[in-house]
Amino acid sequence: MAVLKVIEILASSKDSWEEATRNAVNEAGKSVKNIRSVYVREQSCVIDNDKITHFRVNVKITFEVN
0 MAVLKVIEIL
10 ASSKDSWEEA
20 TRNAVNEAGK
30 SVKNIRSVYV
40 REQSCVIDND
50 KITHFRVNVK
60 ITFEVN
């Protein structure tokens, strides 16, 4: 039986929510191993001069604990 742990990560991207999600997983992967899934909990944007400048995500990353 596997033991799983969930952490919450905030990440951003200048290009898309998808890239922000990838950034979250890539950064988490530097210190967390055995990542199993990512759940996008919230999405938001930063607006400057009526234009989107950053896409933000709040994600939950699930990984297996050894």
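Residue numbers are given in numbering that gives the first Met the number 0: position 2 of the sequence shown equals residue 1, and the series is strictly consecutive. Here a beta-carbon is modelled for each residue, glycine too, at the ideal position from N, C-alpha and C.
Local conformation of residue i per DSSP, three classes
i: V31; result: coil
Proximity of residue i and residue j at Cβ, strictly below 8 Å
i: V31; j: F54; result: no
i: I60; j: V5; result: yes
i: V56; j: A27; result: no
i: R40; j: V24; result: no
Reference residue i; option with closest CA among the options
i: V64; options: E41, I46, I34; result: I34
i: E7; options: D47, K50, S36; result: S36
Beta-bridge partners of residue i, as assigned by DSSP
i: R55; result: S11, S43
i: E63; result: L3
i: V37; result: I60
Other residues of its chain near residue i: CB distance less than 6 Å, five sequence neighbours each side excluded
i: Q42; result: W16, V56
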